[in-house]
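First up is the structure itself, then whatever we jot down about it.
Protein chains: 4
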Amino acid sequence: MDDVHIRLLDKVALKDPVLVEGLPGVGNVGKLAADYLKEKLGAKPLATFYSKFFPPQVYVSEEGLIRLVSNDLSYRKGVVSGSRDLLILGGDYQGISPEGQYELTERVLEFCHRQFATREVYTLAGFAQGHVVENHRVLGAATTPALVETMKKFGVVFSRNDPGGGLIGASGLFLGLGQLFGMEGVCLMGETSGYFVDPRSAEAVLKVLTKVLGIELNFSDLEGKAKEIDRIAQRIHETDQKVSEASNAPREDLGYIG
Amino acid sequence: MDDVHIRLLDKVALKDPVLVEGLPGVGNVGKLAADYLKEKLGAKPLATFYSKFFPPQVYVSEEGLIRLVSNDLSYRKGVVSGSRDLLILGGDYQGISPEGQYELTERVLEFCHRQFATREVYTLAGFAQGHVVENHRVLGAATTPALVETMKKFGVVFSRNDPGGGLIGASGLFLGLGQLFGMEGVCLMGETSGYFVDPRSAEAVLKVLTKVLGIELNFSDLEGKAKEIDRIAQRIHETDQKVSEASNAPREDLGYIG
Amino acid sequence: MDDVHIRLLDKVALKDPVLVEGLPGVGNVGKLAADYLKEKLGAKPLATFYSKFFPPQVYVSEEGLIRLVSNDLSYRKGVVSGSRDLLILGGDYQGISPEGQYELTERVLEFCHRQFATREVYTLAGFAQGHVVENHRVLGAATTPALVETMKKFGVVFSRNDPGGGLIGASGLFLGLGQLFGMEGVCLMGETSGYFVDPRSAEAVLKVLTKVLGIELNFSDLEGKAKEIDRIAQRIHETDQKVSEASNAPREDLGYIG
Amino acid sequence: MDDVHIRLLDKVALKDPVLVEGLPGVGNVGKLAADYLKEKLGAKPLATFYSKFFPPQVYVSEEGLIRLVSNDLSYRKGVVSGSRDLLILGGDYQGISPEGQYELTERVLEFCHRQFATREVYTLAGFAQGHVVENHRVLGAATTPALVETMKKFGVVFSRNDPGGGLIGASGLFLGLGQLFGMEGVCLMGETSGYFVDPRSAEAVLKVLTKVLGIELNFSDLEGKAKEIDRIAQRIHETDQKVSEASNAPREDLGYIG
Chain A
72 MDDVHIRLLD KVALKDPVLV EGLPGVGNVG KLAADYLKEK LGAKPLATFY SKFFPPQVYV
132 SEEGLIRLVS NDLSYRKGVV SGSRDLLILG GDYQGISPEG QYELTERVLE FCHRQFATRE
192 VYTLAGFAQG HVVENHRVLG AATTPALVET MKKFGVVFSR NDPGGGLIGA SGLFLGLGQL
252 FGMEGVCLMG ETSGYFVDPR SAEAVLKVLT KVLGIELNFS DLEGKAKEID RIAQRIHETD
312 QKVSEASNAP REDLGYIG
Chain B
72 MDDVHIRLLD KVALKDPVLV EGLPGVGNVG KLAADYLKEK LGAKPLATFY SKFFPPQVYV
132 SEEGLIRLVS NDLSYRKGVV SGSRDLLILG GDYQGISPEG QYELTERVLE FCHRQFATRE
192 VYTLAGFAQG HVVENHRVLG AATTPALVET MKKFGVVFSR NDPGGGLIGA SGLFLGLGQL
252 FGMEGVCLMG ETSGYFVDPR SAEAVLKVLT KVLGIELNFS DLEGKAKEID RIAQRIHETD
312 QKVSEASNAP REDLGYIG
Chain C
72 MDDVHIRLLD KVALKDPVLV EGLPGVGNVG KLAADYLKEK LGAKPLATFY SKFFPPQVYV
132 SEEGLIRLVS NDLSYRKGVV SGSRDLLILG GDYQGISPEG QYELTERVLE FCHRQFATRE
192 VYTLAGFAQG HVVENHRVLG AATTPALVET MKKFGVVFSR NDPGGGLIGA SGLFLGLGQL
252 FGMEGVCLMG ETSGYFVDPR SAEAVLKVLT KVLGIELNFS DLEGKAKEID RIAQRIHETD
312 QKVSEASNAP REDLGYIG
Chain D
72 MDDVHIRLLD KVALKDPVLV EGLPGVGNVG KLAADYLKEK LGAKPLATFY SKFFPPQVYV
132 SEEGLIRLVS NDLSYRKGVV SGSRDLLILG GDYQGISPEG QYELTERVLE FCHRQFATRE
192 VYTLAGFAQG HVVENHRVLG AATTPALVET MKKFGVVFSR NDPGGGLIGA SGLFLGLGQL
252 FGMEGVCLMG ETSGYFVDPR SAEAVLKVLT KVLGIELNFS DLEGKAKEID RIAQRIHETD
312 QKVSEASNAP REDLGYIG
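Protein chains in written order, with the working numbering: chain A, 72 to 329; chain B, 72 to 329; chain C, 72 to 329; chain D, 72 to 329.
Encoded structure:
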């Protein structure tokens, strides 16, 4: 078996497609955003990437059906401004070793480069602030000064100090290795606490992305998910308060749950 | 040396053979079941799989003879209903890294696919409940809805929530990668505490498997093994009680030993 | 993707070039020295080495531009005595696994061997003494007795006991693998405490190296960096004293910050 | 670079040579024995094995000369009964990963098989008893019943229970993989405490080996090394007693130092 096994699900010609990547990570922001985009745009399955760099694991559905863990590439035609097409990469895992990260990212990029001459990549991620985030800013990093300037016009924040140590994982690697394929790209990082999955941060990221790409998107379902997370957080907060009061201990402000 | 080295021990033509996998794992259920099946049916050695994905280890027999750790494929002719043949994969270890798991599973499947056009796989495993199990249910997961329905008729339980996180290891991977070879398959998981090797759970799994495949099997020896484990557990339980009483501490119910 | 991907940035013929290696390590001595040499001599970029043996990471500049982590080879013509040329290898990381260390070192050496028939390697490193170092001696290790004698004339110390367990990492490996390419070489290790990045140790190493190679170099900027580190250390020292006095505890001499 | 790089140091024809392996391990028994054999017989260097499965390390001699870590094959002509030749494998490390163990062992065996049609392997090792060993028995494991019987005649002990879990590492693997090259072999394990390097255990192993192979060997220097270790152990023992007495604590018998 190859290190990465690509199963082609559809034969399709795409017009200068933009690649959007969103895999599991901080606050699951990238995956939430990519999955939402895929679902709402009705993107169609194009290729599945299996790999020995994923855990040796199958998921079992409620119906008892197994599915080998993978990354998945979907496409949606004509949805990007200039009637360009869209490619969305999502999945269950990032590669579970440094070598796996490189190998998987490279194989996806190579596929998009060879099949569709993809020139543009957007990677979606969360940026953990370590405290509650009221106003989800979207931080950016890009491959060219021109892209930095364009992103600023869409409200993306380029901070001198964030992210300090650089980006670790797929969202950085898709840009770094993308350059070796002649691709330009942007990483959009939604601020998040880092303690919860964060649909609001995913929404912030998607709002920027859809504006940049000229995609129309309805955010109401994401809003619903966000409210559900809020309710869970609220319940934890209340339980915590009761425990604090009962024990007569001074109440600490657990502000990060909000 | 290849990552996996296959030593062929026999040249044989097999009729549409069903592959049954049982390797060490939770409660050793899968290995107990596969080894028992192999022994009772008098299956013959077909191929040995050596690999750098196993520990660098040899076993030494009571006679002082060494044997390199391996996985082993055996066959038994005409024992499956429709006078189909049977392949049994057992062995000392699963691959000791994620990469090794993928590589070994893939090589066994590829061998069965190329040599015998195997279309059907049954994987045997334990499912750890974390508490004593009185009635060893057999949980299932399968590759197709039709197989799920068939298994239900044989008493296999398909639970909405179990296994929650999916299956990790060979028993899941043989199904997941098997699909890439066009194979259909079922994982049969015997409920077990997870604290002891569990011949009774292996028996429960084998009873389903043999009914499904139309194999006749005598379970008395497995019953013997189960009683031996019971005696060991009982002795531990009694020792524990004496210690508890001697120390005058409140006796905790160590129910999981049963 | 190859395990190591070499991106050639310049086509150039070099005259019997000496290879100098300085990567991150103890006290960052090697990297500080190599980077300073590169900057002061105005060395030009020759090749970038990307690899799956580095972390899956990009750095983000203050302007928001990403850069994939790498090792980098630069060159400077005619600066070594005998009007020989110079190659400098620096970078963000050493390989993050033993296998990666071997693979990366071998690929850089092979490149220098094939392209320029490089015969001579100098590796720069820190040697951790575990206590404050007033007088930064430069310890040595070499591939031939003749090189040992030559280095002694330049003040390099060859100690019976240091380094006791040998050299671990790139600085040793460039010499050990270099021999397989027919290269001779020296490792220059600046003594350092091991607690701080140590520009003074880098200066000591560079002073020996430049004398050996007949390179003229201005050390004033390195002196500036050293003073900055001194100031930081001094501040930590003072804070520590105040804490000690306030707590009335017997003041321990934190001599290693000195 | 290949995973294992073989540097040939001599061209020689050997007569049905016996391969003896002794690498670092429990009590360093195998390495002590192989190195002593090599030195006393004046064996000549034949090949060096470098590998990315060793640590990325060079040793530095007292003269300041570096040497890349390796395994080394030496030969001695006509020293085995029947005027057969001898091959000795020693070195700095065993492979540092399971994969490395397999790969290195396989490459050495393949080399001996191809170059010299080697048919017989003896591996030397220590067997840790966890307590002081007065009378160093030599335990055995072999590839054939005939070899077991032969070894018994030379006083080798084949114990029902030892080694219980089999042999892990090079000494077992040379036999297990050796079988795949059609080689027969024996592992000789000298009993040792496991707390010290143990020249007496190495002597016991060598005494059996030399009798089996008909090699004449003078053991006086090994006796000297053993006495040196005794002196060190004695000093630790005395220091320990003084500490015990001074603290008035009940003296525990540190019998394992002997």
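Backbone N, C-alpha and C fix where the C-beta goes; we use that ideal spot for every residue, glycine too. Quick caveat, the model's predicted, so the values are computed rather than measured.
Span separating the alpha-carbon of C:Val192 from that of A:Ser264: Position 121 of the third sequence, counted from the first residue, corresponds to residue 192 of chain C. Position 193 of the first sequence, counted from the first residue, corresponds to residue 264 of chain A. Their Cα atoms are separated by approximately 49 Å.
Inter-residue spacing [alpha-carbon to alpha-carbon] between B:Pro216 and B:Arg231: Walking along the second sequence from the start, residue 216 of chain B turns up at place 145. Walking along the second sequence from the start, residue 231 of chain B turns up at place 160. Answer to the nearest angstrom: the Cα atoms are 14 Å apart.
Simplified DSSP state of D:Ser145, which is helix, strand or coil: Within the fourth sequence, the letter at position 74 stands for residue 145 of chain D. In this structure, D:Ser145 counts as strand in the three-state DSSP scheme.
Beta carbon of A:Ile77 nearer than 8 Å to that of A:Phe182: One-based indexing of the first sequence puts residue 77 of chain A at position 6. One-based indexing of the first sequence puts residue 182 of chain A at position 111. Going by C-beta atoms, A:Ile77 is nearer than 8 Å to A:Phe182.
Could you give the first and the last residue of the continuous alpha helix (DSSP H) run that contains B:Met222? Numbered from 1 along the second sequence, position 151 holds the residue referred to as residue 222 of chain B. It spans Pro216 to Lys224 - the alpha helix (DSSP H) in which B:Met222 sits, taken as one unbroken run.
What alpha helix (DSSP H) runs, 4 residues minimum, are completely inside the region 189-262 of chain A? 216-224 and 241-251
How far does the alpha helix (DSSP H) with D:Asp106 in it extend, from its first residue to its last? Your numbering for residue 106 of chain D matches position 35 in the fourth sequence. Its alpha helix (DSSP H) spans residues Val100 to Leu112.
8 Å contact criterion, which B:Pro398 and B:Phe229 should meet: CB distance rounded: Residue 398 of chain B falls outside the range modelled here, since chain B spans only 72 to 329, and no answer is possible.
Leaving out the 5 sequence neighbours to the left and right, which residues in its chain are closer than 8 Å to A:Ala199 when beta-carbon positions are compared? By one-based count along the first sequence, residue 199 of chain A stands at place 128. Only Val97, Gly98, Thr263, Ser264 and Gly265 meet the Cβ criterion.
So what's A:Gln128 in DSSP terms, helix, strand or just coil? On the first sequence, residue 128 of chain A is found 57 positions in, with the first residue counted as 1. The answer is strand: DSSP assigns A:Gln128 an E or B state.
Assign C:Arg185 to one of two classes, buried (16 or more other C-beta atoms within 10 Å of its C-beta) or exposed (fewer than that). Counting from one through the third sequence, the residue named residue 185 of chain C turns up at place 114. Classification of C:Arg185: exposed, given that the 10 Å Cβ count is below 16.
In three-state terms, what does DSSP make of C:Lys115? Position 44 of the third sequence holds residue 115 of chain C. Strand at C:Lys115.
Is the shortest distance between the beta-carbon of A:Ala213 and the beta-carbons of chain C less than 8 Å? By 1-based counting over the first sequence, the position of residue 213 of chain A is 142. Closer than 8 Å to some Cβ of chain C, the Cβ of A:Ala213 qualifies, so yes.
Which partner residues does A:Phe76 have in the DSSP bridge list? Here residue 76 of chain A refers to the residue found at position 5 when the first sequence is read from its first residue. Here residue 76 of chain A is His; the residue named in the question, Phe, does not match the sequence. In the DSSP output, where bridge partners are listed per residue, A:His76 has A:Tyr121.
Distance check for A:Thr189 and A:Gln250, CA to CA, integer angstroms please. Here residue 250 of chain A refers to the residue found at position 179 when the first sequence is read from its first residue. Here residue 189 of chain A refers to the residue found at position 118 when the first sequence is read from its first residue. Taking the straight line joining both Cα atoms gives about 12 Å.
Of all the residues that make up the region 171-204 of chain C, which are near chain D by a beta-carbon distance shorter than 9 Å? Gly171, Gln172, Tyr173, Glu174, Thr176, Glu177, Arg178 and Glu181
Would you kindly check if the distance between the Cβ of B:Ala118 and the Cβ of B:Gln172 is under 8 Å? Reading the second sequence from its first residue, position 101 is the one you call residue 172 of chain B. Reading the second sequence from its first residue, position 47 is the one you call residue 118 of chain B. Contact: no.
Cβ-based neighbour list, D:Leu325, same chain, cut-off 8 Å, excluding 5 preceding and 5 following: Taking the first residue of the fourth sequence as position 1, residue 325 of chain D is located at position 254. Reliability fails at D:Leu325, whose pLDDT of 38 lies under 50, so the model's placement of it is uncertain and no value is given.
Using a C-beta to C-beta distance shorter than 7 Å, which residues of chain B count as neighbours of D:Ile239? In the fourth sequence, counting from the first residue as 1, residue 239 of chain D sits at position 168. Under the 7 Å cutoff, chain B gives Pro126, Pro127 and Gln128.
Is the CB of C:Phe229 under 8 Å away from at least one CB in chain D? The sequence position of residue 229 of chain C within the third sequence is 158, counting from 1. Closer than 8 Å: yes.
Let's test the definition: count the other Cβ atoms within 10 Å of the Cβ of D:Ala84 and tell me whether it reaches 16, buried, or not, exposed. On the fourth sequence, position 13 is the one that residue 84 of chain D refers to. When all chains shown are included, D:Ala84 counts as exposed.
Please report the distance separating the alpha-carbon of D:Gly197 from that of B:Lys298. In the fourth sequence, residue 197 of chain D corresponds to position 126, counting from 1. In the second sequence, residue 298 of chain B corresponds to position 227, counting from 1. One C-alpha to the other measures close to 39 Å.
C:Leu259 to C:Leu160 span [Cα, whole Å]: As a working note, residue 259 of chain C is residue 188 in the third sequence. As a working note, residue 160 of chain C is residue 89 in the third sequence. Cα-Cα distance, rounded: 15 Å.
Comparing the C-beta of D:Gly135 with each C-beta of chain C, is any distance below 8 Å? Here the question's residue 135 of chain D lines up with position 64 in the fourth sequence. It does; some Cβ of chain C falls within 8 Å.
Could one say the Cβ of B:Gly93 lies closer than 8 Å to chain A's Cβ atoms, at least one of them? The residue given as residue 93 of chain B occupies position 22 in the second sequence. Chain A contact via Cβ: absent.
Where do the N-terminal and C-terminal ends of the alpha helix (DSSP H) with D:Glu170 fall, by residue? Here residue 170 of chain D refers to the residue found at position 99 when the fourth sequence is read from its first residue. Pro169 to Phe187 is the extent of the alpha helix (DSSP H) around D:Glu170.
Check whether the region 148-167 of chain D touches the region 203-215 of chain C, taking contact to mean three or more Cβ pairs, one atom from each stretch, closer than 8 Å. no
Against chain B: residues of the region 136-154 of chain A by CB proximity under 7 Å: Leu136, Ile137 and Leu139
For A:Lys67, does the count of other Cβ atoms within 10 angstroms reach 16, so buried, or fall short, so exposed? For chain A, the structure presents residues 72 to 329; residue 67 of chain A sits outside this window and is missing.
Name the one or two DSSP bridge partners that A:Leu157 has. As a working note, residue 157 of chain A is residue 86 in the first sequence. For A:Leu157, which the question treats as bridged, DSSP gives the partners A:Val89 and A:Arg147.
Whose C-alpha, out of B:Val314, B:Tyr164, B:Arg271 and B:Pro234, is nearest the C-alpha of A:Gly135? As a first step, residue 135 of chain A is located in the first sequence; it is residue number 64 there, counting from the start. Out of B:Val314, B:Tyr164, B:Arg271 and B:Pro234, B:Pro234 has the C-alpha closest to the C-alpha of A:Gly135.
According to DSSP, is A:Leu288 part of a helix, a strand, or is it coil? Translated into positions along the first sequence, residue 288 of chain A becomes position 217. A:Leu288 falls in the coil class under three-state DSSP.
Would you kindly work out how many angstroms separate the C-alpha atoms of C:Glu274 and C:Gly247, rounded to a whole number? Start at 1 with the first residue of the third sequence, and residue 274 of chain C comes out as number 203. Start at 1 with the first residue of the third sequence, and residue 247 of chain C comes out as number 176. One C-alpha to the other measures close to 25 Å.
Have a look at the DSSP bridge pairing and note the partners of C:Gly162. In the third sequence, residue 162 of chain C corresponds to position 91, counting from 1. DSSP lists C:Asn142 as partners of C:Gly162.
Short of 7 Å in beta carbon distance, which residues of its chain neighbour A:Ile374, apart from the five on each side in sequence? Order them along the chain. Lying outside 72 to 329, the shown extent of chain A, residue 374 of chain A is not represented and no answer is given.
Would you kindly check if the distance between the Cβ of B:Leu238 and the Cβ of A:Gln128 is under 8 Å? Locating residue 128 of chain A in the first sequence gives position 57, where the first residue counts as 1. Locating residue 238 of chain B in the second sequence gives position 167, where the first residue counts as 1. Yes, Cβ-Cβ distance for A:Gln128 and B:Leu238 is below 8 Å.
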